[in-house]
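Participant:
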Amino acid sequence: MELHLVQTIAIYALPVIFAITLHEAAHGYVARHFGDTTAYREGRVSLNPLRHIDPFGTIALPLILLAVSKLIGGGIIFGWAKPVPVNFANLRRPKRDMLWVAAAGPFSNLAMAVFWALMLKIGLAMEGAYFSVPLMLMGAAGVFFNIIIMVLNLVPLLPLDGGRMLVSLLPHRLAWRFARLEPWGFPILILLLFTGVLGLVLWPAIGMLMALVADAVGLPVKDLLRLTGLA
Numbered sequence: 103m104e105l106h107l108v109q110t111i112a113i114y115a116l117p118v119i120f121a122i123t124l125h126e127a128a129h130g131y132v133a134r135h136f137g138d139t140t141a142y143r144e145g146r147v148s149l150n151p152l153r154h155i156d157p158f159g160t161i162a163l164p165l166i167l168l169a170v171s172k173l174i175g176g177g178i179i180f181g182w183a184k185p186v187p188v189n190f191a192n193l194r195r196p197k198r199d200m201l202w203v204a205a206a207g208p209f210s211n212l213a214m215a216v217f218w219a220l221m222l223k224i225g226l227a228m229e230g231a232y233f234s235v236p237l238m239l240m241g242a243a244g245v246f247f248n249i250i251i252m253v254l255n256l257v258p259l260l261p262l263d264g265g266r267m268l269v270s271l272l273p274h275r276l277a278w279r280f281a282r283l284e285p286w287g288f289p290i291l292i293l294l295l296f297t298g299v300l301g302l303v304l305w306p307a308i309g310m311l312m313a314l315v316a317d318a319v320g321l322p323v324k325d326l327l328r329l330t331g332l333a
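Quick note: the sequence shown uses my numbering, first residue 103, plus one each step.
#1: Can you grab the Cα-Cα spacing for the pair Ala213 / Arg282, in whole Å?
#2: With 16 other CB atoms within 10 Å as the buried threshold, where does Tyr114 fall?
#3: Just grab the DSSP bridge partners of Ala231 for me.
#4: Beta-carbon within less than 8 Å of Gly137's beta-carbon, same chain only, minus the 5 sequence neighbours each way: which residues are those?
#5: Rounded to whole angstroms, how far is the Cβ of Lys184 from the Cβ of His154, which I believe are closer than 8 Å?
#6: Pairing CB atoms from the segment 217 to 230 with CB atoms from the segment 200 to 209, are three or more of them under 8 Å?
#7: Quick check: what's the CA-CA separation for Pro157 versus Thr123?
#8: With C-beta atoms as the reference, is Gly130 less than 8 Å away from Ala141?
#9: At what residue ranges does the segment 116 to 149 contain a whole run of the alpha helix (DSSP H), taking only runs of 4 or more?
#10: Alpha carbon to alpha carbon, how far is Leu256 from Leu262?
#11: For Asn248, tell me which candidate among Ala215, Pro258, Phe280 has the shortest Cα-Cα distance.
#12: Taking just the CA atoms, how far does Gly230 sit from Val269?
#13: Buried or exposed: where does Leu149 fall if 16 or more other Cβ atoms within 10 Å of its Cβ makes it buried?
#14: Suppose the cutoff is 6 Å on Cβ atoms and the five residues either side in sequence are ignored; what does the same chain contact list for Val186 look like?
#15: I'd like to check one pair, Leu259 with Ile308: are the Cβ atoms closer than 8 Å?
#16: May I ask which residues mark the beginning and end of the alpha helix (DSSP H) holding Pro289?
#17: Could you spell out the range, first to last residue, of the alpha helix (DSSP H) harbouring Lys184?
#18: Exposed or buried, what is Trp278 when buried is set at 16 or more other beta-carbons lying within 10 Å of its beta-carbon?
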């Protein structure tokens, strides 16, 4: 189903905002659970998108990448919210608890991918109703974007969640050495993205997870891929 850019933006707006908002809120909720109240005191343990939206990372960049993907016929669409402040030193067991705080973001995206897959399934079941097409398209967009955000954040580079999880899992000496590379994390990520290396690594994982989510809710994979333009 071919969509114009404005239609695509309308379909993706809600899934993108909630994917990024809930990702950051999840970090804050889990950090508070393990003893760090920094995000809570700053009002960031909230499901209000306005508390998390970053004008560039949440709005401008996804729009730019969406427009580029429409022009070239595909591409990775991602973005970010204002990072939730976490003081890992305040966690009850900082090195161990860091793993759960970091993992909360990608896990929230997986949960949202399942939710949007269910919305897509409902839309398919009610095909012919006036709201079925928007619901199907929004559901497919929600699955696609949340899986991308999940997989991208699991890349083992700091300051991504995958990097934090690796710091938690590595022995202390190796974790300290790896943490020193954090200032180079984003430049390395951008380099991998624009050379196409990141896409070669991530697309197979994205496709596999989309298929697993579809199977989990009894959704035909071919319908999900068709509605996201991947088939």
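Idealized CB from N, CA, C, for every residue including glycine. A quick note: this is a predicted structure, and the numbers were derived from the prediction, not measured.
Facilitator: Straight from the coordinates:
#1: Looking up residue 213 in the sequence shown gives position 111. Looking up residue 282 in the sequence shown gives position 180. Cα-Cα distance, rounded: 32 Å.
#2: Residue 114 sits at position 12 when you count from the first residue of the sequence shown. By the neighbour-count rule (16 or more Cβ atoms within 10 Å), Tyr114 is buried.
#3: The residue labelled residue 231 in the question sits at position 129 within the sequence shown. Glu229, per the DSSP bridge assignment.
#4: Locating residue 137 in the sequence shown gives position 35, counting from the first residue. Around Gly137: Asn192, Leu193, Arg194, Asp199.
#5: Start at 1 with the first residue of the sequence shown, and residue 184 comes out as number 82. Start at 1 with the first residue of the sequence shown, and residue 154 comes out as number 52. Confirmed, Cβ separation roughly 6 Å.
#6: no
#7: Along the sequence shown, one-based indexing puts residue 157 at 55. Along the sequence shown, one-based indexing puts residue 123 at 21. When rounded, the distance between both Cα atoms is 13 Å.
#8: As a working mapping, residue 130 is identified with position 28 in the sequence shown. As a working mapping, residue 141 is identified with position 39 in the sequence shown. Cβ distance < 8 Å, so Gly130 and Ala141 count as in contact.
#9: 140 to 143
#10: Here residue 256 refers to the residue found at position 154 when the sequence shown is read from its first residue. Here residue 262 refers to the residue found at position 160 when the sequence shown is read from its first residue. If I take the Cα positions, the gap works out to 7 Å.
#11: Here residue 248 is taken as the residue at index 146 of the sequence shown, counted from 1. That would be Ala215, whose Cα lies nearest to the Cα of Asn248.
#12: Here residue 269 is taken as the residue at index 167 of the sequence shown, counted from 1. Here residue 230 is taken as the residue at index 128 of the sequence shown, counted from 1. Those two C-alpha atoms are separated by around 50 Å.
#13: For the purposes of this step, residue 149 is taken as the residue at position 47 of the sequence shown. With fewer than 16 Cβ atoms within 10 Å of its Cβ, Leu149 is classed as exposed.
#14: Here residue 186 refers to the residue found at position 84 of the sequence shown. The residues are Glu126, His129, Gly130, Ala141, Arg146.
#15: Residue 308 sits at position 206 when you count from the first residue of the sequence shown. Residue 259 sits at position 157 when you count from the first residue of the sequence shown. Taking 8 Å as the Cβ cut-off, Ile308 and Leu259 do not qualify as a contacting pair.
#16: As a position in the sequence shown, residue 289 is number 187, starting the count at 1. Residues 287 to 296.
#17: Within the sequence shown, numbered from 1, the residue matching residue 184 stands at position 82. Segment: none, Lys184 is in no alpha helix (DSSP H) and carries neither H nor E.
#18: Position 176 of the sequence shown, counted from the start, is the residue given in the question as residue 278. Classification for Trp278: exposed.
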